[in-house]
Amino acid sequence: MKDISRRDFLKIAGAATATAAIASCGGNSNGEFGDLDPAGHHTGAIPTDKMTYRTNPNTGDKVSILGYGMMRLPNKPVTPTKDPSAPAPEEIDQEQVNKLVKFALDHGVNYFDTSPAYCQGHSEESTGIALKASGYDRSKYFIATKLSNFAPQQQTHEEGVKMFQNSLKYLQTDYIDYLLLHAVGGGGLENLNQRFIDNGVLDYLMEQREKGAIRNLGFSFHGDVEVFDYLMDNHDKYHWDFVQIQMNYVDWKLANESNSRNVDGEYLYGELEKRGIPAVIMEPLLGGRLSKMPDHIVATLKQQRPEDSVASWAFRYVGSKPNVLTALSGMTYMEHLEDNLRTYSPLVPLSAEEQEWLETEIANLYVSYPTIPCNDCKYCMPCPYGLDIPAIFVHYNKCVNKGNVPENQQAENYREARRAFLVGYDRAVPKLRQASHCIGCGKCSPHCPQNIRIPMELHRIDDFVEKLKQNTL
Amino acid sequence: MLKLTRRILAVIFWLGITILFLDFTGTMQPILGWMVKLQFLPSVLAHHLPSIAIVLVLTLVLGRIYCSIICPLGVLQDFFAWIGRWRIFRKNRKAKFANKYSYSKPKTWLRLTVLVLFIVMLVAGFNAGVILMAPYSTYGRLVASLLQPLYIGINNLLAHWSEAQDNYLFYQVEPNNNPTLLIIISAAMMLILFVLAFLHGRTYCNTICPVGTTLGYIAKFSRLKMQVDEDKCIKCGLCEKNCKAACIKVEKGEPVFVDYTRCVVCGNCQTACEKGALHLAPVGRKRLNQGQSNTPNEGDLSRRSFLAITGTTMAAAAIKAQEKTTDGGLATIEDKLVPERKTSLTPPGSLSAANLQQHCTACQLCIANCPNGVLRPSTSIEHLLQPEMQYDKGFCRPECTRCADVCPTGAIKPITKEEKTAIQIGHAVWIKENCLPATQEQKCGSCASHCPAEAIQMVPIDKSIKQNPEDGQWYDAEGNQLDWRAVNDLLRIPVVDAEKCIGCGKCEYLCPARPFSAIYVEGNDVHREI
Numbered sequence: 061m062k063d064i065s066r067r068d069f070l071k072i073a074g075a076a077t078a079t080a081a082i083a084s085c086g087g088n089s090n091g092e093f094g095d096l097d098p099a100g101h102h103t104g105a106i107p108t109d110k111m112t113y114r115t116n117p118n119t120g121d122k123v124s125i126l127g128y129g130m131m132r133l134p135n136k137p138v139t140p141t142k143d144p145s146a147p148a149p150e151e152i153d154q155e156q157v158n159k160l161v162k163f164a165l166d167h168g169v170n171y172f173d174t175s176p177a178y179c180q181g182h183s184e185e186s187t188g189i190a191l192k193a194s195g196y197d198r199s200k201y202f203i204a205t206k207l208s209n210f211a212p213q214q215q216t217h218e219e220g221v222k223m224f225q226n227s228l229k230y231l232q233t234d235y236i237d238y239l240l241l242h243a244v245g246g247g248g249l250e251n252l253n254q255r256f257i258d259n260g261v262l263d264y265l266m267e268q269r270e271k272g273a274i275r276n277l278g279f280s281f282h283g284d285v286e287v288f289d290y291l292m293d294n295h296d297k298y299h300w301d302f303v304q305i306q307m308n309y310v311d312w313k314l315a316n317e318s319n320s321r322n323v324d325g326e327y328l329y330g331e332l333e334k335r336g337i338p339a340v341i342m343e344p345l346l347g348g349r350l351s352k353m354p355d356h357i358v359a360t361l362k363q364q365r366p367e368d369s370v371a372s373w374a375f376r377y378v379g380s381k382p383n384v385l386t387a388l389s390g391m392t393y394m395e396h397l398e399d400n401l402r403t404y405s406p407l408v409p410l411s412a413e414e415q416e417w418l419e420t421e422i423a424n425l426y427v428s429y430p431t432i433p434c435n436d437c438k439y440c441m442p443c444p445y446g447l448d449i450p451a452i453f454v455h456y457n458k459c460v461n462k463g464n465v466p467e468n469q470q471a472e473n474y475r476e477a478r479r480a481f482l483v484g485y486d487r488a489v490p491k492l493r494q495a496s497h498c499i500g501c502g503k504c505s506p507h508c509p510q511n512i513r514i515p516m517e518l519h520r521i522d523d524f525v526e527k528l529k530q531n532t533l
Numbered sequence: 004m005l006k007l008t009r010r011i012l013a014v015i016f017w018l019g020i021t022i023l024f025l026d027f028t029g030t031m032q033p034i035l036g037w038m039v040k041l042q043f044l045p046s047v048l049a050h051h052l053p054s055i056a057i058v059l060v061l062t063l064v065l066g067r068i069y070c071s072i073i074c075p076l077g078v079l080q081d082f083f084a085w086i087g088r089w090r091i092f093r094k095n096r097k098a099k100f101a102n103k104y105s106y107s108k109p110k111t112w113l114r115l116t117v118l119v120l121f122i123v124m125l126v127a128g129f130n131a132g133v134i135l136m137a138p139y140s141t142y143g144r145l146v147a148s149l150l151q152p153l154y155i156g157i158n159n160l161l162a163h164w165s166e167a168q169d170n171y172l173f174y175q176v177e178p179n180n181n182p183t184l185l186i187i188i189s190a191a192m193m194l195i196l197f198v199l200a201f202l203h204g205r206t207y208c209n210t211i212c213p214v215g216t217t218l219g220y221i222a223k224f225s226r227l228k229m230q231v232d233e234d235k236c237i238k239c240g241l242c243e244k245n246c247k248a249a250c251i252k253v254e255k256g257e258p259v260f261v262d263y264t265r266c267v268v269c270g271n272c273q274t275a276c277e278k279g280a281l282h283l284a285p286v287g288r289k290r291l292n293q294g295q296s297n298t299p300n301e302g303d304l305s306r307r308s309f310l311a312i313t314g315t316t317m318a319a320a321a322i323k324a325q326e327k328t329t330d331g332g333l334a335t336i337e338d339k340l341v342p343e344r345k346t347s348l349t350p351p352g353s354l355s356a357a358n359l360q361q362h363c364t365a366c367q368l369c370i371a372n373c374p375n376g377v378l379r380p381s382t383s384i385e386h387l388l389q390p391e392m393q394y395d396k397g398f399c400r401p402e403c404t405r406c407a408d409v410c411p412t413g414a415i416k417p418i419t420k421e422e423k424t425a426i427q428i429g430h431a432v433w434i435k436e437n438c439l440p441a442t443q444e445q446k447c448g449s450c451a452s453h454c455p456a457e458a459i460q461m462v463p464i465d466k467s468i469k470q471n472p473e474d475g476q477w478y479d480a481e482g483n484q485l486d487w488r489a490v491n492d493l494l495r496i497p498v499v500d501a502e503k504c505i506g507c508g509k510c511e512y513l514c515p516a517r518p519f520s521a522i523y524v525e526g527n528d529v530h531r532e533i
């Protein structure tokens with residue numbers, strides 16, 4: 061019998077794909093972006109002094125409209141360990157992170173958003189190193205991090221304090237500019253009480269705000285609107301300095317198209333604007349899904365502005381809302397960063413008509429594709445049974461967008477689609493990490509910020525794969 | 004003319020059969036499959052009368068043309084011998100022919116002894132000896148163990164390229180993990196054959212090969228034979244020196260002697276003869292020496308009893324699902340280990356492990372063709388190199404009948420997909436010590452939800468919760484009915500209806516317990532229809 065500890069999550073190494081020279085943090089995604097248009101848009105230097113800034117009404121911070129999300133940091137393979145059954149180990153490519161952060165700072169980005177949970181727990185440390193290495197003074201940039209006490213054993217007062225103190229240590233600083241209660245909403249009010257209220261962790265954080273160790277206190281929200289409303293109703297008590305919400309032109313009106321438990325961006329943004337609370341935007345690109353669009357949406361957008369990337373529409377959209385403090389983007393590659401810098405240096409706001417066009421026409425077109433609303437954030441990972449959940453969903457969505465998920469054998473392209481789906485599946489996900497191995501333990505679902513019923517979707521995909529293989533679709 | 008025709012046909016057969024062994028996609032099987040079905044020993048074992056008749060008629064008309072064209076091992080040896088010629092040509096650049104052979108005396112005693120020995124081993128079921136001597140399966144093993152890994156390697160390189168180009172032309176396949184024993188046996192055979200053929204031409208075919216001996220003595224009665232026109236013959240001996248079968252004897256003052264049991268009708272002598280004295284021509288009704296025809300006895304073979312291996316030990320794979328505190332990363336997946344099965348699993352269509360053992364010549368064609376990584380050569384002495392099934396890398400997929408399609412010996416008889424769903428090759432056995440719900444209070448049900456035969460049900464561990472046979476609902480001790488949600492929330496264990504189970508191994512493959520599954524398939528002594 062093999063040592064039990066082999067199963068322990070402590071020993072979990074990086075992602076599986078040894079072939080991927082660089083993959084985003086914790087996985088093999090392409091980061092938030094699809095392809096950028098080749099020449100043209102990328103020629104000429106990116107301006108260093110044209111970044112659009114928004115002012116935080118509470119502290120007067122001038123925050124760049126582009127915020128750097130440190131969740132999808134680039135990875136690189138490391139020398140394999142002696143254990144042959146372990147997945148090919150990877151670690152954060154610190155050199156690359158340093159380069160990206162320096163480049164961002166040089167071009168006016170000054171907001172960096174991390175968390176103790178990101179990148180298997182290495183994101184804060186990496187962010188701290190990169191910011192130090194940039195040579196910029198601590199006063200020139202803002203650090204956002206979170207209290208990510210998701211596991212029950214982390215939900216005591218003591219553990220909460222420890223997590224915050226560790227954040228200071230890893231980020232090599234003595235204050236945090238923006239501190240968030242991480243992903244409240246999932247699990248309802250009960251979960252909120254358990255994580256922050258009953259154990260006094262929120263009181264502790266408010267004390268720290270008094271002392272200046274936290275300059276702005278807020279929360280990031282996913283899921284149950286009851287929790288959002290509760291926190292809004294108690295704004296007088298907690299004085300939220302900012303709130304981080306998921307917002308993009310699809311979620312503005314159609315957030316519940318993918319899941320009835322998701323809340324429209326329009327409502328969330330409206331509630332914040334009403335109270336004068338600045339909004340930090342996450343998922344402006346839906347984990348890259350709004351840049352990897354089906355062909356005819358790409359054509360429609362590109363026709364309007366042939367030289368702009370598909371992603372730029374999503375960034376300009378959120379930037380066009382005046383109460384947005386900053387829009388976060390998890391930029392794994394330099395090309396992502398460059399494209400976003402161009403989009404926001406300076407921001408050319410969308411007209412009201414353009415915004416409506418995106419919110420209605422394009423968004424409706426987009427949701428007509430039955431993709432799974434996975435943003436490849438990897439909060440569900442690691443799966444204790446070794447599945448690569450986001451990779452399965454990313455592959456499925458790719459096939460949906462390419463028209464490679466045939467409805468039945470009568471479909472015109474059935475043979476080609478079948479081959480593309482099955483061959484691509486084996487390429488994207490090693491056999492042992494495919495959906496067939498899901499036992500339905502359900503450990504993943506509570507972690508999903510998009511409220512995806514993960515085991516159900518995995519079983520559905522597995523059924524589909526079986527039918528494709530057996531030609532019984 | 005004869006030589007050229009023979010060469011062209013030989014290359015076609017040789018390539019066809021080789022491709023059949025290399026092609027893991029199964030696309031060539033409908034086009035080339037008949038080539039292996041024509042192989043003599045396999046068709047005898049398969050009782051495949053049309054194939055036997057074709058070969059016999061061919062031999063009775065043309066002589067041992069089978070050995071020159073249809074047998075891939077024969078063609079391979081010709082190739083080795085052809086390489087051997089260059090040794091001669093390097094020394095003498097002007098030579099028209101290699102002139103490297105000379106007549107050798109017939110080793111009738113040795114040949115017949117070997118043939119008898121072979122038949123005895125076949126009847127007695129001494130499989131290891133049989134497969135080592137069988138020519139076609141020897142060739143199959145050479146390709147499957149030495150060439151296919153290279154072929155797959157190249158394919159995977161192309162797949163890598165294909166992936167980079169984002170097209171789906173090539174796809175990655177698992178490299179075949181041949182047991183060392185197979186590689187050693189193949190490499191040794193390769194070396195022996197190479198040396199023999201390089202130096203002496205068809206020595207193996209005319210001493211060891213049981214098919215060669217059998218067909219040789221049949222060829223004595225063939226209608227057409229390579230004959231010498233004594234009027235034109237000047238006894239120069241060129242034909243003898245170029246006969247790779249060493250069966251032509253030229254002596255001054257004597258008529259040229261040809262041993263037709265050894266002649267493989269290659270036509271080399273005819274081409275070498277400067278006087279045009281050799282012809283493949285009908286023989287008159289002259290009396291021939293009494294030759295003995297020896298077809299392998301294919302009578303009723305006794306069933307072999309198998310050693311019952313008891314005391315199967317299963318180590319529990321403890322999966323400790325800890326609460327995660329950070330995001331991302333992949334859990335380590337421990338490799339599955341194969342359980343020790345009392346009766347080995349053989350593919351649907353093989354009727355039983357015993358039947359497979361009797362008919363299979365271990366050519367590896369089914370193993371090279373298995374797309375699911377299920378079939379692999381056995382290393383046990385009684386099933387030496389014959390296929391057996393293991394479910395650590397995949398399971399026997401319901402839509403696949405590839406092994407039955409390709410098998411030339413009838414060891415795996417052809418079956419349809421529909422027939423396959425009703426053939427029970429084994430039955431699933433539950434091992435409590437490994438099962439997550441039973442040992443770690445982790446709800447599972449992977450085996451039951453994946454079973455294609457619906458032979459596995461999940462039942463509550465708590466025996467006080469009972470199913471009412473009338474409405475099929477579950478009731479707790481107080482008699483309250485539980486809805487499906489409540490039932491799903493119970494810790495339940497799988498129970499197998501062995502009557503329904505077909506032994507496909509999907510449960511074993513997908514069981515989350517590692518390295519040993521909590522459910523595994525035990526082979527049936529004899530396959531049965533359900």
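Protein chains in written order, with this note's numbering: chain A, 61 to 533; chain B, 4 to 533. C-beta atoms are modelled at their ideal positions from N, C-alpha and C, and glycine is treated no differently. Computed from a predicted model, the values in this text were never measured in an experiment.
Burial state of residue i, where buried means 16 or more other Cβ atoms lie within 10 Å
i, result
"ILE20/B", "buried"
"ILE418/B", "buried"
"ILE496/B", "buried"
"GLN469/A", "exposed"
Three-state class that DSSP yields for residue i in the structure shown
i, result
"THR8/B", "helix"
"ARG269/A", "helix"
"ALA99/A", "Note that ALA99/A scores 42 on pLDDT, short of 50, meaning its location in the model is unreliable; the coordinates nonetheless yield the value given after this. Note: ALA99/A maps to coil in three-state DSSP."
"GLN484/B", "strand"
"MET391/A", "coil"
"ALA318/B", "Low confidence applies here, because ALA318/B scores a pLDDT of 29, under 50, leaving its location unreliable; read the following figure in that light. Reduced to three states, the DSSP call for ALA318/B is coil."
"LYS255/B", "coil"
Contact set between residue i and chain B, taken where Cβ atoms lie within less than 8 Å
i, result
"GLY484/A", "TYR171"
"ARG117/A", "Contrary to the premise, residue 117/A reads as Pro rather than Arg in this sequence. Near PRO117/A there are no residues of chain B at all, since even the closest Cβ is about 32 Å away, more than 8 Å."
"TYR439/A", "ASP330"
Proximal chain A residues relative to residue i, where beta-carbon distance stays under 8 Å
i, result
"PRO515/B", "TYR445, HIS497, ILE499"
"GLU166/B", "ARG487"
Contact list for residue i against chain A, beta-carbon separation under 9 Å
i, result
"ARG400/B", "LYS529, GLN530"
"TYR394/B", "What TYR394/B touches in chain A: nothing, since even the nearest Cβ is about 13 Å away."
"GLN175/B", "VAL483, ASP486, ARG487"
Under 7 Å from the C-beta of residue i: neighbouring residues of chain B
i, result
"GLY247/A", "Under the 7 Å cutoff, chain B gives no residues; its nearest Cβ is about 14 Å from GLY247/A."
"CYS179/A", "GLY331"
"GLN510/A", "Per Cβ cutoff of 7 Å: no residues; GLN510/A is ~14 Å from chain B at best."
heavy atom of the ligand COA below 7 Å from residue i C-beta
i, result
"MET130/A", "Judged by which ligands are present, the structure shown has none, so any question about the ligand COA falls away."
**Item:** chain A contacts made by the region 462 to 476 of chain B, where a contact means CB separation under 8 Å
**Value:** none
**Request:** Please list the residues of the region 355 to 384 of chain A that have a C-beta atom closer than 7 Å to any C-beta atom in chain B, keeping them in chain order.
**Result:** Taking 7 Å as the Cβ-Cβ cut-off against chain B, none of the residues of the region 355 to 384 of chain A qualify.
**Item:** 3-residue-minimum beta strand (DSSP E) runs that sit fully inside the region 128 to 197 of chain A, ordered along the chain
**Value:** 135 to 137, 150 to 152, 171 to 173
**Item:** Contacting positions in the region 441 to 457 of chain B - beta carbon closer than 8 Å to chain A
**Value:** GLN445, LYS446, CYS447, GLY448, SER449, SER452, HIS453
**Message:** So within the region 126 to 175 of chain B, which uninterrupted alpha helix (DSSP H) runs reach at least 4 residues, ignoring any that extend past its ends?
**Reply:** The qualifying runs are 130 to 136, 138 to 145, 151 to 167.
**Interfacial residues, the region 461 to 480 of chain A to chain B, with Cβ spacing under 7 Å** = Answer in chain order: ARG479, ALA480.
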